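Participant: I have a structure I would like to understand better, so I am pasting it below and will then ask my questions one at a time.
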Amino acid sequence: MDRNYNAYIHRPQEMEVPCVELAKKLLGKILCRRVKGKIIKGMIVETEAYIGQEDRACHGYGGRKTERNLAMYMRAGTCYVYRIYGKYECFNISSMEDGAGVLIRAVEPLCGISEMRMLRGKEVKDRDIANGPSKLCIAMGITRKEIDKEWIMKSSKIWLEEGMEISDSEIISGKRIGIRNCGEWEEKKLRFYIKDNEFVSCIRRIRQSK
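Here it is, written out as structure tokens:
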């Protein structure tokens, strides 16, 4: 399976929306990655919104702008990849606000599943291949060196395609995962995922709430 040009999302206005809207809009879209000539695809099933300068959990809080988070200040649809714990990476897509972006937390593997397992370096169940932000990056070969600052609307390395239409009634919201020392922002329901989808991370530990 190669790039589906009929479903390819390439219009800039698709990304030029507020962060929360984008976080919901991305659910059901197909995240595609070209790795060593192979195409890997997964449907986005879980996201988190980091809404910029007012959000204490966001890397752009208070207008903070560094070389590390510069992608969050670039045009909507820019890929922002950062590293945690010195070795794991997380993949985000910038939205229309300065310093804001959507963390892609999980995808449902669709194409290139054997390649995804190979990149993970272990034998895992399909639902565990990319059900977490760092698992996703490993399984799809997403690294800061190669993907950070790529504009997803025109990249040959990573792009989006249309997938399932997800209705509001199918979207569950909850608190973001692992947010601490951020006051009221710890309780904000800025995590969104597809109801009853088994490829979502942390689904067994978190009570669903609309």
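Residue -2 is where the sequence shown starts when you use the numbering used here, and the numbers rise one by one after that.
Where is the CB? At the ideal position from N, CA and C, for every residue including glycine.
Just so we're clear, the structure is a prediction, and the values are computed from it rather than from any experiment.
What runs of the beta strand (DSSP E), each 3 residues or longer, lie entirely inside the segment 81 to 123?
Facilitator: For the segment 81 to 123, whole beta strand (DSSP E) runs of length 3 or above, ordered along the chain, are 85 to 91, 98 to 108.
Participant: What does the alpha-carbon distance come out to for the pair V14 and C76?
Facilitator: Reading the sequence shown from its first residue, position 17 is the one you call residue 14. Reading the sequence shown from its first residue, position 79 is the one you call residue 76. Going by the C-alpha atoms only, they are around 15 Å apart.
Participant: Under 8 Å between the Cβ atoms of V208 and E105?
Facilitator: The displayed coordinates of the chain run from -2 to 207. Any statement about residue 208 would go beyond what the structure contains.
Participant: For a test of the three-state rule: what should DSSP assign to I191, helix, strand or coil?
Facilitator: Taking the sequence shown and counting its residues from 1, the one referred to as residue 191 is at position 194. Correct three-state label for I191: strand.
Participant: Could you tell me if the beta carbon of D123 falls within a distance shorter than 7 Å of some heavy atom in the ligand GDP?
Facilitator: With respect to the ligand GDP, the structure shown offers nothing to examine, as it has no ligands at all.
Participant: Tell me which same chain residues have a C-beta within less than 6 Å of the C-beta of G118, skipping the five on either side of it?
Facilitator: Position 121 of the sequence shown, counted from the start, is the residue given in the question as residue 118. Within the same chain, G118 has no close Cβ partners at all.
Participant: Quick one: what's got a C-beta closer than 8 Å to G96's C-beta in the same chain, skipping five residues either side?
Facilitator: What you label residue 96 is simply residue 99 of the sequence shown in a count that begins at 1. Within the same chain, G96 has close Cβ partners G49, Q50, C55, H56, G57, Y58, G60, R61, K62, N66, M69, Y70.
Participant: Can you round the beta-carbon distance between M40 and M150 to whole angstroms, since I take them to be within the 8 Å contact cut?
Facilitator: Along the sequence shown, read from residue 1 onward, the residue named residue 40 stands at position 43. Along the sequence shown, read from residue 1 onward, the residue named residue 150 stands at position 153. Between M150 and M40 the Cβ distance is about 19 Å, and since that is not below 8 Å, they are no contact.
Participant: Tell me whether the beta-carbon of C134 lies closer than 8 Å to the beta-carbon of F88.
Facilitator: One-based indexing of the sequence shown puts residue 134 at position 137. One-based indexing of the sequence shown puts residue 88 at position 91. Contact: yes.
Participant: According to DSSP, simplified to helix, strand and coil, what is A242?
Facilitator: Summary: the structure shown does not reach residue 242, with the chain confined to residues -2 through 207, and so no result is reported for it.
Participant: What is the residue span of the beta strand (DSSP E) that V17 lies within?
Facilitator: On the sequence shown, position 20 is the one that residue 17 refers to. Careful: V17 lies outside any beta strand (DSSP E), inside the alpha helix (DSSP H) at 16 to 22.
Participant: For S166, which three-state DSSP category applies?
Facilitator: Numbered from its first residue, the sequence shown carries residue 166 at position 169. Looking at S166 - three-state DSSP - the assignment turns out to be helix.
Participant: Express the C-alpha separation of P9 and D123 in angstroms, rounding to a whole number.
Facilitator: In the sequence shown, residue 123 corresponds to position 126, counting from 1. In the sequence shown, residue 9 corresponds to position 12, counting from 1. So the two alpha carbons sit approximately 32 Å from each other.
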